[in-house]
Structure formats: C-alpha cells, structure tokens
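Chains as they are written, first to last, in our numbering: chain A, 73 to 271; chain B, 73 to 271.
Note that CB positions come from ideal geometry on N, CA and C, so glycine has one too.
Comments concern the structure below.
There are 2 protein chains.
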Amino acid sequence: MQVYHLYSGGKDSSLSAWILTRLGYEVKLITISFGILDNWKYARDTAERLGFEHQVLYLPRDTLEKAAYMCIEDRHPNKAIQFIHERALEEIAKMADRISDGTRRDDRVPFLELPRARSLEDRFDVAYIRPLLGLGYKTIKELTENLFIVEIRESEKLEKADYEVELRHLLREKGIDPLEIFPKRHYQSRVLGWREKRI
Amino acid sequence: MQVYHLYSGGKDSSLSAWILTRLGYEVKLITISFGILDNWKYARDTAERLGFEHQVLYLPRDTLEKAAYMCIEDRHPNKAIQFIHERALEEIAKMADRISDGTRRDDRVPFLELPRARSLEDRFDVAYIRPLLGLGYKTIKELTENLFIVEIRESEKLEKADYEVELRHLLREKGIDPLEIFPKRHYQSRVLGWREKRI
Numbered sequence: 073m074q075v076y077h078l079y080s081g082g083k084d085s086s087l088s089a090w091i092l093t094r095l096g097y098e099v100k101l102i103t104i105s106f107g108i109l110d111n112w113k114y115a116r117d118t119a120e121r122l123g124f125e126h127q128v129l130y131l132p133r134d135t136l137e138k139a140a141y142m143c144i145e146d147r148h149p150n151k152a153i154q155f156i157h158e159r160a161l162e163e164i165a166k167m168a169d170r171i172s173d174g175t176r177r178d179d180r181v182p183f184l185e186l187p188r189a190r191s192l193e194d195r196f197d198v199a200y201i202r203p204l205l206g207l208g209y210k211t212i213k214e215l216t217e218n219l220f221i222v223e224i225r226e227s228e229k230l231e232k233a234d235y236e237v238e239l240r241h242l243l244r245e246k247g248i249d250p251l252e253i254f255p256k257r258h259y260q261s262r263v264l265g266w267r268e269k270r271i
Numbered sequence: 073m074q075v076y077h078l079y080s081g082g083k084d085s086s087l088s089a090w091i092l093t094r095l096g097y098e099v100k101l102i103t104i105s106f107g108i109l110d111n112w113k114y115a116r117d118t119a120e121r122l123g124f125e126h127q128v129l130y131l132p133r134d135t136l137e138k139a140a141y142m143c144i145e146d147r148h149p150n151k152a153i154q155f156i157h158e159r160a161l162e163e164i165a166k167m168a169d170r171i172s173d174g175t176r177r178d179d180r181v182p183f184l185e186l187p188r189a190r191s192l193e194d195r196f197d198v199a200y201i202r203p204l205l206g207l208g209y210k211t212i213k214e215l216t217e218n219l220f221i222v223e224i225r226e227s228e229k230l231e232k233a234d235y236e237v238e239l240r241h242l243l244r245e246k247g248i249d250p251l252e253i254f255p256k257r258h259y260q261s262r263v264l265g266w267r268e269k270r271i
C-alpha cells in the first residue's frame, strides 16, 4: 500500500507522513520544484533524517509564472499557492494510486474543499488522504511536540522547501518585493529530526 | 494522552479507535444509551473482542423523546440523529480533555461542520479528533478490510448499539412505523473482531 505524499519538510507534512506509516502505508515523500532554486534540498535533508524515501518532482516553470501573475494581480498569494498545490496534486495523482498531503482542518490555503477533493479522486482514480484533516490545533501541537525537533522562523528567513520560496524568488526577479504580497510576520516550521527514532 | 471515543461497534467507530491507538492515545470507548434497550451490549461485546476499555454513558430519556418528535415532524431521521450526536459529544466533553468519533469526510449526518466543531472545542475546552475525516471511501475500505471481520446487514436486522435502535423502538412505542421515517435498505455494519490481533 504505497502513498505519494507531498512534502515540504515542515511539521504538518512530516506529521502526516508519520501518521501514514502508522496506518501501515509505505510512504514516498515528494517535493515539488520548478528548477529555479535548489531549496528542495532542505526537504530531502529532513526526509533523510526521518528515514523516508524522497523524490523531487519538477513542475513546468510556466506553472510558477502563472502563479506569479496571480500574485501580482491579487496583491496576495492565496490564489497562487492554491493553484500550485492543485497542479502538484494532479501531477502526483498520475504516478500513484494513493496521494496525500499535510493540509489541516483549519487551513484556508492551500486547501481542497470536499467537492474539489472528490473531483481530484474521480479524475485521476486515486485515493486522496489527508491525515491531519480531522485534527485540531491542540492535537497537532501535542503530537508534533512529542515526535519532532522543530525549527520555527519567519518565512523569509527559513530554509525550506515549499512553493513560496521559488514564488518569492520569481517575484523578485520581476522587480516586485514579495513583502508587498505575502503577509508580514508569517511563521513557518521546518522539522530537524525525531525526538527519538520513530520509524 | 487519554481520548474518550464515541463507539457503536460499527466499522467506522472501530477503525477510528484503532487509528487513535496508532497515534499513541489511550482510548476509552463510550457507548450512548437511553436506558430503554440493552443494545449497548453489542458495542461492549465488540469492544471486548478488540481489547478496548468500554463504558456505557446514559443520556436523559428526554433527549430521545425530543429526537423522536423531530423524526415525526420531519418524516426523516437526519435532524434527530444530528441532535443526539451533538448531545453525546457534549456529554463526553465534560468528562475528558480529548474526545473523538468515527464521522467521515463523506458523511452528511451525524456531522459537525467546522464552525460547529470549533464551537464544541471552545465551549468545553477539549480537543475534538476525527480520525476518518481526511480519508475517502477507498481508504476506509482498504484499512477496514485489512483489520476487521465485519458483518453488514440492513439496519432493521442488525444487532447494533447506535442511536437509531432506541430511536426506532421509541417511535414504535408511539405507534409510528420507523420504516416510514428511516430510509429503506439502509445497510449498517458491525465489527466482529480483528483479522489478526492488532492492539
């Protein structure tokens, strides 16, 4: 029972990956890159520390270009992040019978509402598993704290492998300051390892 | 880390209970009764076969009376089942820091929409965990088939410990045929044991 799991190296995607292994799945972590930066290496590094199999999946640069224009048009990154996430899910859905991500009940973006989640499952004949969907803030916090050593920093300063990093970079290349588009003081997390060996 | 988990003996609430143990929680199964029938015994029996701690929680008969009138007014059981489920969650929320149930992503009733789930957590200062919320039909099916020996029958014929059984009984006592109110050919499940010992 193999699952392809979208992975950034953050605590949500790491916790989800652990839950999947606890349910008996063989988990392959997939990190998205547009080939502009090599920040996928942070996810690879965390994946190795946790003992998971890891693969980089390259999406077309065109997808990131579209996302950048969405940011510029909206002066906000939400639509762009959602757009990239859906393309990422569709790409891994072509490669596996089961796909997964670390989106949470309380997330607004990226997040697939139920009809959209079902549409993804139907169009690609996959099972889409979201291990954190039924967990609230407190539960995620207690599980994460028990399991992982976590580094938390402002997005601009964190060495991380999520879509935002290449998106910010491309905006800068276009002469746009990402700080005008992304929320200020947005904290993100990166997992550095297990508290004690768990898989 | 103890969780009080609403339990009917069906496959969804059994699968959720197993997932909770896999996440490291100490699970106490709670079956609701209104003290009219002793069908909670089926849940107790399954709980014992699976090796879980089990407790019967009695709700006031008045709650079932209100639910019966909802059924009669609506000619449909959805509102009544939702009403009982929310009262049940509130009662166990008074007894524990973490509560749980087996509701699924694709369920319509009983089901707490996100604002209602958050309200429950805030009013009772609990974490409300729904292990199946992020899993679709295929995933639940494959996990259940791997784990449990399951009996599936029409609701009217299944010996089971969910709210419906006492609700149907009370309607009959009031001279109302439950078949006029509950959907026809509604199949339900009861877990009979592990395929192989899992906890």
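- Following the DSSP letters along the chain, one finds tyrosine 259 of chain A inside the beta strand (DSSP E) bounded by residues 259-266.
- Under the 10 Å beta carbon count, histidine 157 of chain B is surrounded by 16 or more other beta carbons and is classified as buried.
- Closest option to alanine 189 of chain A, judged by alpha-carbon separation, among A:Gly208, A:Arg159, A:Lys113, A:Met167: A:Arg159.
- Isoleucine 102 of chain B sits close to tyrosine 76 of chain B, with the two beta carbons spaced by under 7 angstroms.
- For a Cβ distance threshold of 8 angstroms, residue set Arg170, Ala199, Ile201 of chain A lies close to threonine 211 of chain B, ordered along the chain.
- Residues of the same chain with a CB within less than 8 angstroms of the CB of valine 198 of chain A, apart from the 5 flanking positions on each side, are Ala165, Ala168, Asp169, Arg170, Ile171, Leu192 in chain order.
- Approximately 6 angstroms separates the beta-carbon atoms of serine 86 of chain B and phenylalanine 220 of chain B; this is inside 8 angstroms, confirming the contact.
- Residue state for valine 237 of chain B is assigned as helix, using DSSP reduced to three classes.
- DSSP places serine 172 of chain A inside the beta strand (DSSP E), whose first and last residues are 170-172.
- Partner residues in a beta bridge of arginine 190 of chain A, as assigned by DSSP, do not exist.
- Residue burial is scored here from C-beta neighbours: glutamate 238 of chain A has at least 16 other C-beta atoms within 10 angstroms and is therefore classed as buried.
- In the DSSP assignment, serine 105 of chain A is bridged to A:Tyr130.
- Cβ-Cβ distances below 8 angstroms link histidine 241 of chain A to Ile108, Leu109 in the same chain, with the five nearest sequence neighbours on each side left out; the list follows chain order.
- Between valine 181 of chain B and isoleucine 212 of chain B a beta carbon distance of about 17 angstroms is seen, past the 8 angstroms cut, so the two are scored as non-contacting.
- Excluding its 5 nearest sequence neighbours in each direction, phenylalanine 183 of chain B has C-beta neighbours in its own chain below 7 angstroms: Thr175, listed in chain order.
- Between the alpha carbons of lysine 246 of chain A and tyrosine 235 of chain A lies a distance of about 17 angstroms.
- The beta carbons of alanine 233 of chain B and serine 88 of chain B sit no closer together than 7 angstroms.
- Near chain B, meaning a CB-to-CB distance below 8 angstroms, the residues of the region 79-96 of chain A are Ile91, Arg94, Leu95, Gly96.
- The region 177-231 of chain B is shown to contain whole beta strand (DSSP E) runs of 3 or more residues at 199-201, 220-226, in chain order.
- In this chain, histidine 148 of chain B is not harboured by any beta strand (DSSP E), its DSSP state being neither H nor E.
- For glycine 208 of chain B, the nearest beta carbon of chain A is closer than 7 angstroms to its own beta carbon.
- Pairing leucine 215 of chain B with proline 255 of chain A, the inter-Cα distance amounts to about 40 angstroms.
- Per DSSP, the continuous alpha helix (DSSP H) segment holding tyrosine 114 of chain A begins and ends at 112-122.
- Ranked by how close their Cα comes to the Cα of arginine 116 of chain B, the residues B:Pro149, B:Met73, B:Gly82, B:Pro132 have B:Gly82 in first place.
- Between the alpha carbons of arginine 267 of chain A and asparagine 218 of chain A lies a gap of roughly 7 angstroms.
- Per DSSP, the unbroken alpha helix (DSSP H) holding leucine 92 of chain B starts and ends at 83-94.
- For glutamate 193 of chain B, at least one C-beta of chain A is nearer than 7 angstroms to its own C-beta.
- For leucine 205 of chain B, at least one C-beta of chain A is nearer than 7 angstroms to its own C-beta.
- Beta-bridge pairing by DSSP links glutamine 74 of chain B to B:Glu98.
- Shown here for valine 128 of chain B: same chain residues with a beta carbon closer than 6 angstroms to its own, the five before and five after excluded, namely Thr103, Ser105, Trp112 in chain order.
- Rounded to the nearest whole angstrom, the C-alpha separation of leucine 186 of chain A and leucine 207 of chain A is 16 angstroms.
- With respect to proline 203 of chain B, isoleucine 91 of chain B sits close: the two C-beta atoms are nearer than 7 angstroms.
- For threonine 93 of chain A against valine 263 of chain A, the beta-carbon gap comes to about 15 angstroms, at or over 8 angstroms, which does not count as contact.
- Less than 7 angstroms divides the Cβ of alanine 140 of chain B from the Cβ of leucine 243 of chain B.
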